[in-house]
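Have a look at the structure below, then the notes.
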Amino acid sequence: SIMPATLSAISNSAKNGILFKGGVHVENLSYIKAIALDKTGTLTNGKPIVTDAFFKSEHRKTAVLSTIKAIESESTHPLARAITAFCNDYLDNTCKTDIQKMTTISGNGVTAYVDEERWEIGNAALVGETDAIHFHDGIAAKLAEQGKTIVFAKNDSGITALFALKDTIRKEAKDAIKDLKKSGIHPVMLTGDNQITASTIAKEAGIDHFIAECLPEEKVNHVKRLRQHYQNVAMVGDGINDAPALASANVGIAMGEGTDVALETADVVLMKNDLPKIMNAIRLSNRMNTIVK
Ligand code: ADP
Ligand code: MG
């Protein structure tokens with residue numbers, strides 16, 4: 307049975323944009339010692355834009371962009387949307403390219419065939435680290451240091467293009483992290499993005515501990531590992547990819563504008579994507595626990 311005090315706390319917090327899906331989560335949140343946060347869409351706004359593009363051959367640029375557009379317009383990934391928009395701005399006529407066997411490689415990118423030729427669009431792990439490092443004299447590392455996500459496009463003749471995409475960190479992220487740390491809660495950022503980009507974004511957010519190149523299924527393992535070390539761990543995320551990790555935390559917290567799967571799996575929903583609400587929710591759960599006991 308649920309205590310009247312808990313019930314009123316749940317209804318009051320709902321008015322303040324924090325939706326607890328049950329009294330037990332109010333209690334669990336008060337024990338949290340560490341909090342894992344997804345990067346894209348959680349710490350950042352999740353709306354990347356292409357800031358830089360490099361091509362192997364200027365002369366083939368239009369053809370390459372047409373193909374990339376055809377492939378990425380089939381993907382719902384936020385990076386794919388941004389790349390499609392960039393291609394649209396550059397290409398003035400929409401010539402139709404037929405693509406076959408489009409495949410999503412979770413955490414790495416996409417592959418497809420165009421006129422019997424295999425294309426790969428995604429991170430360095432997908433297109434091959436050696437080619438990626440040498441493209442345009444190591445330009446990828448320099449762009450990543452600026453906190454930009456790097457996407458390569460490759461066909462049978464090697465890497466044809468590189469895109470750098472910048473996603474802005476949520477304006478309230480830094481203060482939210484500072485408050486968590488002040489309360490003795492250890493923040494950890496989990497991301498599928500590369501080491502250098504992850505390190506820059508983590509630094510911008512004030513997070514000292516981050517795990518990069520983390521495949522969706524690895525997020526679960528990292529949450530489990532954190533639980534061994536900190537006992538009570540919360541996970542905050544927004545994507546379909548985050549749902550298993552949300553379920554494996556003591557308290558799963560979803561961003562309100564996240565995907566349906568994340569919202570369904572979570573124990574707590576932040577209705578306005580509002581990161582500082584996490585600390586409000588923790589304070590409330592601490593107060594509740596002292597009242598109830
Ligand atoms: P995150 O955890 O940051 O949301 P993901 O796990 O979804 O990232 O993806 C990891 C990496 O895989 C991206 O940084 C990007 O390099 C690459 N990637 C994934 N999907 C795509 C796509 N549709 N187009 C281009 N790159 C992609
Ligand atoms: Mg995300």
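FYI, in full-length UniProt numbering the residues of the sequence shown are 307 to 599.
We treat Cβ as the ideally placed atom computed from N, Cα and C, and that holds for glycine.
Being a predicted model, the structure only gives us computed values, none of them experimental.
query, result
"Residue 344: CB within 7 Å of a non-hydrogen atom of the ligand MG", "yes"
"Own chain partners of residue 504 with C-beta closer than 6 Å, once the 5 adjacent residues on each side are dropped", "497, 516, 518"
"Rounded C-alpha distance that separates residue 578 from residue 475", "16 Å"
"Cβ shell of residue 568 (< 8 Å), same chain only, five flanking positions each side left out", "543, 544, 545, 546, 548, 549, 552, 560, 561"
"7 Å Cβ shell around residue 413 - same chain, five flanking residues per side excluded", "498, 521, 522"
"Residue 478 at chain B interface by Cβ criterion, 8 Å", "Structure shown: chain B not included; a single protein chain is present."
"Beta-carbon spacing of residue 540, residue 341 below 8 Å", "yes"
"Proximal residues to residue 371 (C-beta, below 7 Å), its chain only, five neighbours per side dropped", "393, 396, 397"
"Residue 464 classed as buried or exposed, judged by whether at least 16 other C-beta atoms fall within 10 angstroms", "exposed"
"Span separating the alpha-carbon of residue 467 from that of residue 363", "9 Å"
"Bounding residues of the alpha helix (DSSP H) (the contiguous stretch that carries residue 506)", "501-511"
"Any non-hydrogen atom of the ligand MG closer than 7 Å to residue 347 Cβ", "yes"
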